[in-house]
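Undergrad:
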Amino acid sequence: MEESCNFKFCKICSSTVKQKNKSNTQLHLLKSKHSDSNKTILKSIAKDETSHNIVKRIKIKNTPIGDITKFIKKKKIRCPKFLILNLPKIILEPKTRNIHKCNYSCVNWTNYNLNKTASMCMLAIPLYFGFKRHITNVNGVQKSVTYETPCGVHIQNIEDMMRYLMITKSKMTIDQFDFDSDIDPLAKFRFLKPIMFLDDISEGLEFKSISCVNGINGEQSPKLNYITNRQAITDVNLNLDTDFLCGCDCSDNCQDKSKCACWQLTIEAQSSIPNSDKNEHLGYEYRRLYTAIPTGIFECNKTCKCNRLCLNRVVQQSLCLDLQLFKTKKKGWGVRCLNDIPRGTFICCYIGNILNETNVDEQGINYGDEYLLDLDFIDKFKDHKEDYEEYAFPSCLNNTIYDENSASGNALQWLGNLKLKNFKDSICNYYNGNSEYTIDSKYSGNIGRFFNHSCNPNLFVQSVFVDTHDLRFPWISFFSQCVIKAGTELTWDYAYEVGSLPGKKVACYCESVECKQRLL
Ligand SMILES: C[S@@+](CC[C@H](N)C(=O)[O-])C[C@H]1O[C@@H](n2cnc3c(N)ncnc32)[C@H](O)[C@@H]1O
1 MEESCNFKFC
11 KICSSTVKQK
21 NKSNTQLHLL
31 KSKHSDSNKT
41 ILKSIAKDET
51 SHNIVKRIKI
61 KNTPIGDITK
71 FIKKKKIRCP
81 KFLILNLPKI
91 ILEPKTRNIH
101 KCNYSCVNWT
111 NYNLNKTASM
121 CMLAIPLYFG
131 FKRHITNVNG
141 VQKSVTYETP
151 CGVHIQNIED
161 MMRYLMITKS
171 KMTIDQFDFD
181 SDIDPLAKFR
191 FLKPIMFLDD
201 ISEGLEFKSI
211 SCVNGINGEQ
221 SPKLNYITNR
231 QAITDVNLNL
241 DTDFLCGCDC
251 SDNCQDKSKC
261 ACWQLTIEAQ
271 SSIPNSDKNE
281 HLGYEYRRLY
291 TAIPTGIFEC
301 NKTCKCNRLC
311 LNRVVQQSLC
321 LDLQLFKTKK
331 KGWGVRCLND
341 IPRGTFICCY
351 IGNILNETNV
361 DEQGINYGDE
371 YLLDLDFIDK
381 FKDHKEDYEE
391 YAFPSCLNNT
401 IYDENSASGN
411 ALQWLGNLKL
421 KNFKDSICNY
431 YNGNSEYTID
441 SKYSGNIGRF
451 FNHSCNPNLF
461 VQSVFVDTHD
471 LRFPWISFFS
481 QCVIKAGTEL
491 TWDYAYEVGS
501 LPGKKVACYC
511 ESVECKQRLL
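Okay, so the sequence shown: first residue is 1 according to UniProt numbering, each after it adds one.
#1: Looking at the secondary structure, which residues open and close the alpha helix (DSSP H) in which E268 lies?
#2: Taking the straight line between their C-alpha atoms, what separation do you get for Q517 and C306?
#3: Could you tell me the alpha carbon to alpha carbon distance between K380 and G130, rounded to whole angstroms?
#4: I want to know whether the segment 233-247 touches the segment 462-469 - three or more CB-CB distances under 8 Å.
#5: Taking the alpha carbon of S480 as the reference point, which residue from M122, D440, Y290 and E357 has its own alpha carbon closest?
#6: With a threshold of 7 Å on Cβ separation, who are the neighbours of L198 within its own chain once the five nearest residues in sequence on each side are excluded?
#7: Among Y443, E219, N139 and F189, which has the Cα closest to the Cα of Q327?
#8: Is there at least one non-hydrogen atom of ligand 1 closer than 7 Å to the beta-carbon of G352?
#9: Report the residue from D184, D493 and I233 whose alpha carbon sits nearest the alpha carbon of S444.
#10: H453: buried (16+ other C-beta within 10 angstroms of its C-beta) or exposed?
#11: Identify the residues that DSSP records as bridge partners of A232: which are they?
#12: Let me confirm a value: S512 is counted as buried when at least 16 other C-beta atoms fall within 10 Å, else exposed. Which label applies?
#13: Identify whether T110 lies in helix, strand or coil by the three-state DSSP scheme.
#14: Would G140 be called buried (16 or more neighbouring beta carbons within 10 Å of its own) or exposed?
#15: Kindly indicate which residue of V506, K302, L205 and I484 has the alpha-carbon position closest to the one of S181.
#16: In angstroms with no decimal places, state the Cα-to-Cα distance between P342 and P150.
#17: So is the beta-carbon of K380 under 7 Å away from any non-hydrogen atom of ligand 1?
#18: Which partner residues of E148 appear in the DSSP bridge assignment?
#19: According to DSSP, is K504 helix, strand or coil?
#20: Can you tell which of V360, S318 and N229 has its C-alpha closest to the C-alpha of M122?
#21: On the three-state DSSP scale, how would you describe Q220?
#22: Taking the alpha-carbon of N229 as reference, which of V315, E280, N275 and F346 has the nearest alpha-carbon?
#23: Taking the beta carbon of L519 as the centre, do at least 16 other beta carbons fall within 10 Å, making it buried, or is it exposed?
#24: Comparing C-alpha positions only, which one of S477, K188, I216 and E206 sits nearest to I195?
#25: Excluding the five sequence neighbours on either side, which residues of its own chain have a C-beta within less than 7 Å of the C-beta of K75, listed in chain order?
#26: With respect to 7 Å, is the separation between the Cβ of W109 and the closest non-hydrogen atom of ligand 1 below this value?
#27: By DSSP, does R163 sit in helix, in strand, or in coil?
#28: Would W109 be called buried (16 or more neighbouring beta carbons within 10 Å of its own) or exposed?
#29: K33: buried (16+ other C-beta within 10 angstroms of its C-beta) or exposed?
#30: Would you identify the three-state DSSP class for S444, choosing helix, strand or coil?
#31: Taking the alpha-carbon positions, what's the I54 to G487 distance?
#32: Does the count of Cβ pairs from the segment 493-508 and the segment 335-355 closer than 8 Å reach three?
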């Protein structure tokens, strides 16, 4: 825990202090800088709370922010740095209507408009536009969530909510709804006494502003040329021509995975792994991703007929969560979420300049390597295939070379058919020897470059193809692997190989129970 909550009686903080003294376990030896491997999902929120920056929760209903300090004094609580407020500021109440058939008129009176939502927490948006969320006790033990729609219908699961949004032609997206009773859509984390505060490090480039606080010392926010799209630098031929993509012609928001050509690419890529059963449900589930898919996700793209409500467009959406950059005690800057995040939620991508092997060596030697992230999708794919395959390379593909200027290079099809002894060499051959690229976000990047490492992370990484099907250039995307409570630091597993750089030792300060004590 970076910053304790100052509550002497706080069980979370005192348990973390005990954990600090735990002895080291075996060091983690993994090849690459990020892990696509299927991780055990952290189900226990209690466990999560002890292993990350969790804050003491004070729920003060209907209390304007200014009054909270008074409340704290009255209760004789030492003033904490953190508060989590529940502000039930619901603008429109559902209308009670007689039994009816839902249609457009059920929701259009709420005047939902995406542009009005930038300052709202994503999961609170429906509550501002006519929906109500109820939590009920089932048999006194289990809790269940029900949404009351603007026309008074009660909905208890995500499938029915999707149907409702479709029938009423709502412009809301399904990721604005969540049926997990551990999630509080109105929970909001506030850092009360910053030494330094900045409104928005993206300077308006992100849909949501990203504040920056320093409660440790007087250091100003880090200097960064904030960008929201990756940039290929000289000598990197990132071909974004639409001829290199194939798309779908779905008109059902790509709900039927069996009919969506893009969804089928994701399913086919995975089923090219021998001995793996074809999983017709693979990919996003109502825009959430619960485990990493090492063979990649192929999202709908510019050439598709579907629109932005499509269920297979997730990492291409703009930032929808409230994130905050904050100064940590020992890890430099880090990122926390200001609202509760459900499991499987897309957070953001890792954005920076794309460098080739030559540039990356130069960059690493001269300016350090802490913001370099390898685009190693092909390596990961190879690891999976090589585990199973000792087959001969089909002669018809033996001499296939990727053509940078023609649409004939359907890399995915080629990869799917590929059964060869030396996978890596052949891929290299296919791409004319250029298959290794790295993202560098030292000088230009987005909020993703500030996520710190944890030996017990709450995020996982997924390679997603959006603007090209060139397998060397996936988007590196972060998803939550458990429920993340407001105020928690967002972390992922860098999976560095400890000892891989002789003479270089970097201590790990993630302070999770599972901490291996070393980053490198
Ligand atoms: C990609 S940057 C993360 C953002 C960085 N903290 C900053 O201030 O810009 C990676 C660097 O952060 C630091 N870092 C990240 N996780 C850490 C951890 N668990 N323990 C110690 N240092 C960490 C290390 O210096 C590492 O090289």
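Glycine included, every Cβ here is placed at the ideal spot set by N, Cα and C. Please read these numbers as outputs of a predicted model, since none were measured by experiment.
TA: The relevant details are as follows:
#1: A261 to S271
#2: 47 Å
#3: 45 Å
#4: yes
#5: Y290
#6: S211, C212 and S221
#7: The sequence given here has Lys at residue 327, not Gln. Of the listed residues, the one whose Cα sits closest to K327 is E219.
#8: no
#9: Per the Cα distances, I233.
#10: buried
#11: Per DSSP, the beta bridge partners of A232 are I354.
#12: Classification for S512: buried.
#13: coil
#14: exposed
#15: I484
#16: 23 Å
#17: no
#18: When beta bridges are read from the DSSP output, E148 appears opposite K132 and H154.
#19: coil
#20: S318
#21: coil
#22: The option with the nearest alpha carbon to N229 is V315.
#23: buried
#24: I216
#25: At K75, the pLDDT of 41 sits below 50, so the modelled position is not reliable and the matter cannot be decided from this model.
#26: Not under cutoff, so the answer is no.
#27: helix
#28: exposed
#29: For K33, the predicted structure reports a pLDDT of 32, less than 50, and the residue's modelled location is therefore unreliable. A value from the coordinates is still provided. K33 should be labelled buried.
#30: strand
#31: Bear in mind that the predicted position of I54 carries a pLDDT of just 34, short of 50, making it too unreliable to give a figure here.
#32: no
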